[in-house]
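Worksheet: the structure to be examined is printed underneath.
Numbering (full-length UniProt numbering), first residue to last: 1 to 267.
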């Protein structure tokens, strides 16, 4: 059986360290890339996987780098969810269209960090064309508040591990299994299994802060770029291994969810 290799970005965060420890316990190799390029001897490494932010992953994941595919939810996935699962109006648009907004809204890029995700008083406060291309996709959402939020690593539609990460307006981290709402979270998450997600993904869910609290999806995230909070690192690694791997290993069902990677020209 070939040895898998976990590649990390130059700036290894706490999740990267936890995943690296989990990988070593399995006998996997762990390598940290020292800059924004893949050394010749590591290009196309058989059995490679990656944990890194989207900008770094765009540079090193594809050819002529590691030769990986990266799973992520479709950029319009959250907007297309039924209202009873998202709990607010969400529009999939472009930043050029969003700049025409004349009301407060929560605006975010779906699958990267090309500009800050936050509440904007109106569209004029969004980054201009000199900073963000007009056709950059965005999600424009009604402003809502969540009383508590959870991160879930999903594999084949099932929660492999989860963590509370936000409560009462501040960071509040605890394993899902220790949270009193565990069964409610899992029951709501089960409703997402047929909602057009890749086989390996991270979904954040939360309990709306309102007179009649209701569960709703906060957002979907790529497993290969998501923090684990208090999730079990071994279970999270299972999801990362499925989400970032050599392109030839992906099933036909998952290929539709591969992140479009830019062409990278090497000297």
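Cβ coordinates follow ideal geometry from the N, Cα and C atoms, glycine included. Please read all numbers here as calculations on a predicted model, not as lab measurements.
Residue environment, residue i, which counts as buried when at least 16 other CB atoms sit within 10 Å
i	result
residue 226	buried
residue 183	exposed
residue 151	buried
residue 187	exposed
residue 95	buried
residue 160	buried
residue 135	exposed
residue 55	exposed
residue 288	As shown, the chain starts at 1 and ends at 267. That puts residue 288 outside it, with no answer to give.
residue 105	buried
residue 154	buried
residue 78	buried
residue 179	buried
residue 189	buried
residue 206	buried
residue 209	exposed
residue 148	buried
residue 120	buried
residue 219	buried
residue 129	exposed
Per DSSP, the bridge partner or partners of residue i
i	result
residue 271	Since the displayed the chain opens at 1 and closes at 267, residue 271 lies outside it and no answer follows.
residue 245	69
residue 7	31 and 50
residue 258	71
Cβ-based neighbour list, residue i, same chain, cut-off 7 angstroms, excluding 5 preceding and 5 following
i	result
residue 81	195 and 217
residue 12	32
residue 19	6, 51, 233, 236, 237 and 240
residue 38	60, 65 and 66
residue 263	none
residue 21	233
residue 175	163 and 230
residue 34	10
Contacts around residue i, its chain only, beta-carbon distance under 8 angstroms, and the 5 residues preceding and following it disregarded
i	result
residue 70	50, 57, 61, 222, 224, 243, 244, 258, 259 and 261
residue 251	199
residue 1	Caution applies to residue 1, whose pLDDT of 43 falls short of 50 and renders its modelled position unreliable; the value that the coordinates give is listed next. Answer for residue 1: no residue qualifies.
residue 131	115
Beta-carbon separation (whole angstroms), residue i vs residue j, contact threshold 8 angstroms
i	j	result
residue 108	residue 139	5 angstroms
residue 198	residue 73	7 angstroms
residue 47	residue 4	4 angstroms
residue 137	residue 166	With 8 angstroms as the limit, residue 137 and residue 166 do not qualify as a contact, their Cβ atoms being about 25 angstroms apart.
residue 173	residue 164	7 angstroms
residue 157	residue 193	3 angstroms
residue 214	residue 87	6 angstroms
Contacts around residue i, its chain only, beta-carbon distance under 6 angstroms, and the 5 residues preceding and following it disregarded
i	result
residue 99	123 and 126
residue 101	122 and 123
residue 16	8 and 51
residue 247	69
residue 301	Not covered by the structure: residue 301. The range shown for the chain is 1 to 267.
residue 89	142
residue 27	none
residue 145	209
Short CB-CB distance (under 7 angstroms) between residue i and chain C
i	result
residue 108	Included in the structure is just one protein chain, with no chain C present.
Which full runs of the alpha helix (DSSP H) of 4+ residues lie inside the UniProt domain "ATP-grasp" (87–239), going along the chain? 95–98 and 182–190
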